[in-house]
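Q: Below you'll find the structure I mean.
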Amino acid sequence: MEVIFILIAISLILAGSFLFLFFRAMKSGQFDDNHTPAIRILFDNEIKKKDKKVPSTKSK
0 MEVIFILIAI SLILAGSFLF LFFRAMKSGQ FDDNHTPAIR ILFDNEIKKK DKKVPSTKSK
């Protein structure tokens with residue numbers, strides 16, 4: 000039973016340290032994307048196909 004408490008404590012410390020490092024990386028701007036907005040205009044847009052309406056053959 001003592002091993003479970005030790006493992007829970009270690010996992011909480013490890014999770015807290017990962018959370019701290021994640022927020023520190025976010026604050027420092029590590030995940031900012033400065034390259035993509037500059038080249039976004041170079042990407043081709045997909046051409047949308049218009050649906051052709053077929054006249055109905057039913058008579059009124």
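In numbering that gives the first Met the number 0, the protein residues as written are 0 to 59. Positions of the beta carbon are idealized from the N, C-alpha and C atoms, including for glycine. Keep in mind that this is a model prediction, so the values were computed, not measured.
(1) Between the alpha carbons of residue 26 and residue 5, how many angstroms are there, rounded?
(2) Any idea what DSSP makes of residue 56, helix, strand or coil?
(3) Report back the beta-carbon spacing between residue 30 and residue 24 to the nearest angstrom; my notes put them in contact at under 8 Å.
(4) Taking the alpha helix (DSSP H) that residue 23 belongs to, which residues open and close that run?
A: Straight from the coordinates:
(1) 32 Å
(2) coil
(3) 7 Å
(4) 1 to 27
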